[in-house]
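Chemist:
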Amino acid sequence: MVVANEWMICRFFKEYPHPDDKQRKELSRELGLEPLQVKFWFQNKRTQMKVLTSSPNIITCLHSRYAVLLYVLMEYHGWMDGCATASSTQMAAGECNS
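Quick look at the structure:
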């Protein structure tokens, strides 16, 4: 999907997360897509939003991913002196003595 189309359909989603057949047909015409493609895009987007907003552990999950990325970055740049045995979570929490 072209960036302009993605922006347009996302903006439409914010206003109408459950478009009816007429809205989907009009949007598909404007985007140059099949109505079925638009229907599936909205279904997928609603599912994605439900998962993101309903997960009580989303902050924990994001924190864990950030901690791992931070660990890899520090290791890559050689900033791991004194932290060779520290876990990524210890690193992110500042529990490492360097």
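4 is the number of the first residue of the sequence shown in this note's numbering; add one for each residue after it.
Ideal placement from N, C-alpha and C gives every residue a C-beta, glycine not left out.
1) So what does DSSP say about P38, is it helix, strand or coil?
2) Measuring CB to CB, does P22 end up less than 8 Å from L30?
3) Any idea what DSSP makes of N5, helix, strand or coil?
Modeler: Put simply:
1) Here DSSP, grouped into helix, strand and coil, assigns P38 to helix.
2) Between P22 and L30, the CB-CB gap stays under 8 Å.
3) A quick correction: the sequence has Val, not Asn, at residue 5. Look at V5 here: in three-state DSSP terms it is coil, with no helix or strand label.
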